[in-house]
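Numbering-wise (this note's numbering), the sequence shown opens with residue 555 and increments by one.
Glycine residues also receive a C-beta, built at the ideal position from the N, C-alpha and C atoms.
The structure under discussion appears below in the form of structure tokens.
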Amino acid sequence: MTSSDNTLYQCQLFLEMDRAVIDEILSYAVTATYPAGTTLIQKDEIPKALFIIRSGTVGIYSEDVLLAELGPLAIMGESFLASSTATATTTARTTISTVEFLPEQFFDIAHKYPQIAFNIFSITMNRLRHSNDAAMKEAHSREALLQQQVEERTRELNQTLDELRITQQFKDQFLANMSHEIRTPMNTVLGMTNLTLDTPLNAKQEKYLKAIQRSSENLLVIINDILDLSKLEAGKMELETIPFQLEAQLEQVYDTLRFKAEEKGLHFNYKIEDGVPGALKGDPSRLIQILINLCGNAIKFTDKGRVDIIVTNEDQASNTLRFTVKDTGIGIPADKVELLFNAFQQVDASTSRKYGGTGLGLSISKTLVELQGGSMQVTSKDGEGSAFSFTIPYTIPTAAEMESVVKEKVLDFSALKGLRVLIAEDNMFNQIVIQDTLEGAVEGIHIDMAETGLEVLDFLSKNDYNMILMDNQMPEMDGMEACRKIRTTFPAPKCDIPILALTASVLQSDIRQCIDAGMNAVIPKPFELEKLLKTLSRFYQYTGDDKPVEAMQEATDTAEHTTDFSMDFLIQFCEGDMERVKKYAGLFEKATVNNINHLKTAQQENNLEKLGLTVHSMKGHLKLMGMDNTLEMAENIERALRNNTPDATLQQLVAAYIHTCELALNELVIQKENLQ
555 MTSSDNTLYQ CQLFLEMDRA VIDEILSYAV TATYPAGTTL IQKDEIPKAL FIIRSGTVGI
615 YSEDVLLAEL GPLAIMGESF LASSTATATT TARTTISTVE FLPEQFFDIA HKYPQIAFNI
675 FSITMNRLRH SNDAAMKEAH SREALLQQQV EERTRELNQT LDELRITQQF KDQFLANMSH
735 EIRTPMNTVL GMTNLTLDTP LNAKQEKYLK AIQRSSENLL VIINDILDLS KLEAGKMELE
795 TIPFQLEAQL EQVYDTLRFK AEEKGLHFNY KIEDGVPGAL KGDPSRLIQI LINLCGNAIK
855 FTDKGRVDII VTNEDQASNT LRFTVKDTGI GIPADKVELL FNAFQQVDAS TSRKYGGTGL
915 GLSISKTLVE LQGGSMQVTS KDGEGSAFSF TIPYTIPTAA EMESVVKEKV LDFSALKGLR
975 VLIAEDNMFN QIVIQDTLEG AVEGIHIDMA ETGLEVLDFL SKNDYNMILM DNQMPEMDGM
1035 EACRKIRTTF PAPKCDIPIL ALTASVLQSD IRQCIDAGMN AVIPKPFELE KLLKTLSRFY
1095 QYTGDDKPVE AMQEATDTAE HTTDFSMDFL IQFCEGDMER VKKYAGLFEK ATVNNINHLK
1155 TAQQENNLEK LGLTVHSMKG HLKLMGMDNT LEMAENIERA LRNNTPDATL QQLVAAYIHT
1215 CELALNELVI QKENLQ
């Protein structure tokens, strides 16, 4: 019997054997005669003997199908490697010799007749080779199938990711457009309202205008909340780390909300407990945002009683402060507290109808607290009031860092007297707002108004200005293109004029585009007058060559023993991408080392042209790193070169500048180690 399924039978070992072999095998046999229909080998049973047909016939069946019929001298029997899948049944009266080998008998015969051993080896190798080929084919087939499945799944995932990216891009673009389209008219509404409130009014007119003002401010809060939520979802929220006075921030929260509290007859105050540091280093604007949200909610949901802010030192070792906002308002049911911090959710639908709001504020505030390494908790009793508290760890600023805060606090805007400013704005109503606002706030200010980027270039080519306020979206040539033209095609000092973006495009990507185009800062619309004036004061500088040498030396003396280099600025610019931070820091370090060497060589050779080119080339790096004080020192050197300042004074300015750059390099090395 042969096999089609690679089964190796003992009968195959004896095929083509000499008659002597067969005769010797038969010497071990027991012969018997069986009637027709006798089953000798059952399906799926391993036979225990070798059968040799002496006379008669045996049928080999699979199920009821006859596969073969064997006659005299045919051999069938015990499976060598696998069990049979067929049944052997006599089809006539049949005589069969049955050989039941003991293992030692089989090996005696195999030893006596080497051809048997050779057959065993050959047949086994053929079967193994076939089995291995089949296994390899199956393995390759499975591997190909798996590879195909992986590729299909990868394509599906990539397609999904692409769809998500496209969706996010559409979402970001929608938010950017929505923000711009709402902020542009909002700038007019708020600006005109504020201007009108400064004119003589009767009580009813003032009441109506203040209602417009409050409604506009509330709409602006909603817009900002939506933008903040988008930033938080995308992981693009940036935090500042700057020195600030704690009480000044609480005072700002108080000034913002006290009129709302007074309108409802509420007592509203803040208290700083003993042991709380007065000077801190962190993000003051986000602290104000969180407190205004919590206090605004407390005032909104409190009809009588009080709202208090209490600040305590939770952990003096880590300077972790706890801020608590307590009210005597309507309270929150215990089963609703867990809903408070879910975006777009309020305690119930009636809350939104009665009190207004989007349900975003608390969710955003909680996330902002957690981003700063803190946590937020709430305790409340329905009908008796609530207490929202949060912790934030801060660091303590140095005395030198706090000096800038104190100076800013006593900033005198009268220094802007006589300011010459070019404003680029194509919206007629916004032109009126910005011009009337600045003319009312700055004595002797001179304003020219351009409606396109091309007009900006024309005005600047014919006139001198202290700075430019630049809208981004204008016909013919936008603000960023105009800025690039000024930076690259105008001669000094006009190419270095401060250019401040005054724009309704306030997404982080928009701000980065402005900075990349060469703008010095971004002022969002609707603008706040105090912030606008602070920014103007920060960048106000003489555009002519008449800045006194004494003023240059004073600025140099102030800066030469300190450095304004901070890795925090670069981390914010790179949105926390530490690989980019390290890359830019390394480029700045390499460029600064080379430029310092060039400066020293130029000094030794008294090569004023090389000195000026080197200083000018460094200004772009200083702007990128946010080193405004060092940048001013570089501009003082350029101004001194243009004015033919006495050599001794120039050498003093350059020496101080080199020293400040070396201090920056030392600080960079220290801060780079902290990044590891």
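{"Query": "Is there at least one Cβ from chain D nearer than 9 Å to residue 812's Cβ?", "Result": "Checking the listed chains, one finds no chain D in this structure; it contains a single protein chain."}
{"Query": "Which of the three DSSP states, helix, strand or coil, is assigned to residue 853?", "Result": "helix"}
{"Query": "Which of helix, strand or coil does DSSP assign to residue 952?", "Result": "coil"}
{"Query": "Let me know if residue 1039 comes out buried or exposed under the rule of 16 or more other beta-carbons within 10 Å of its beta-carbon.", "Result": "buried"}
{"Query": "Given that a residue counts as buried once 16 or more other Cβ atoms are within 10 Å of its Cβ, and exposed if not, what is residue 1019?", "Result": "buried"}
{"Query": "Are at least three pairs of beta-carbons, each pair with one atom in the stretch 812-825 and one in the stretch 930-943, less than 8 Å apart?", "Result": "no"}
{"Query": "Quick one: what does DSSP say residue 923 is sitting in, helix, strand or coil?", "Result": "helix"}
{"Query": "What's the gap between the Cα of residue 1065 and the Cα of residue 1076?", "Result": "7 Å"}
{"Query": "Should residue 1151 be labelled buried (16 or more other beta-carbon atoms within 10 Å of its own) or exposed?", "Result": "exposed"}
{"Query": "Tell me the residue span of the alpha helix (DSSP H) that contains residue 802.", "Result": "800-817"}
{"Query": "Which of the three DSSP states is assigned to residue 1044 in this structure?", "Result": "coil"}
{"Query": "To the nearest whole angstrom, what separates the beta carbons of residue 1184 and residue 1178, a pair I think is in contact under 8 Å?", "Result": "With a Cβ gap of about 12 Å, residue 1184 and residue 1178 do not count as contacting."}
{"Query": "Counting beta carbon pairs with one atom in the stretch 801-818 and one in the stretch 826-843, are three or more of them shorter than 8 Å?", "Result": "yes"}
{"Query": "Within 8 Å, do at least three Cβ pairs link the stretch 755-772 to the stretch 1001-1015?", "Result": "no"}
{"Query": "Looking at C-alpha atoms only, which residue of 854, 1091, 1180 and 574 is the closest neighbour of residue 973?", "Result": "1091"}
{"Query": "Pick out whichever of 650, 1206, 615 and 646 has its Cα sitting closest to the Cα of residue 628.", "Result": "650"}
{"Query": "Output the boundary residues of the alpha helix (DSSP H) element that contains residue 1171.", "Result": "1162-1178"}
{"Query": "Do residue 1057 and residue 1031 come within 9 Å of each other at the CB atom, strictly closer than that value?", "Result": "no"}
{"Query": "I need the DSSP call for residue 1182, collapsed to helix, strand or coil.", "Result": "helix"}
{"Query": "Whose C-alpha, out of 642, 827 and 606, is nearest the C-alpha of residue 612?", "Result": "642"}
{"Query": "Using only the alpha-carbon positions, how far apart do residue 1036 and residue 984 sit?", "Result": "20 Å"}
{"Query": "Would DSSP call residue 750 helix, strand or coil?", "Result": "helix"}
{"Query": "Between 574, 610 and 1199, which lies nearest to residue 587 when the distance is taken from Cα to Cα?", "Result": "610"}
{"Query": "Under the rule that 16 or more other beta-carbon atoms within 10 Å means buried, what is residue 1160, buried or exposed?", "Result": "exposed"}
{"Query": "Would you decide whether residue 929 is buried or exposed? Buried here means 16 or more other CB atoms lie within 10 Å of its CB.", "Result": "exposed"}
{"Query": "Grab me the residues of residue 849's own chain with a C-beta within less than 8 Å of its C-beta, minus the 5 sequence neighbours each way, in chain order.", "Result": "807, 811, 822, 861, 863 and 879"}
{"Query": "Please name the residue or residues paired with residue 869 in a DSSP beta bridge.", "Result": "874"}
{"Query": "Quick one: what does DSSP say residue 792 is sitting in, helix, strand or coil?", "Result": "coil"}
{"Query": "What are the boundary residues of the alpha helix (DSSP H) that includes residue 1013?", "Result": "1007-1016"}
{"Query": "Keeping to the same chain, check which residues put their C-beta closer than 6 Å to that of residue 622; ignore five residues upstream and five downstream.", "Result": "614"}
{"Query": "Among the residues of its own chain, which have a CB less than 6 Å from the CB of residue 845, if the five just before and after it don't count?", "Result": "807"}
{"Query": "Which residues share a DSSP beta bridge with residue 624?", "Result": "612"}
{"Query": "Can you round the beta-carbon distance between residue 885 and residue 940 to whole angstroms, since I take them to be within the 8 Å contact cut?", "Result": "6 Å"}
{"Query": "Got a sec? Which residues, its chain only, sit under 8 Å from residue 748 by beta carbon, not counting five neighbours each side?", "Result": "767, 991 and 1083"}
{"Query": "Quick check: what's the CA-CA separation for residue 647 versus residue 584?", "Result": "17 Å"}
{"Query": "Ignore the nearest five residues each way along the sequence and tell me which others in residue 696's own chain have a CB closer than 6 Å to its CB.", "Result": "none"}
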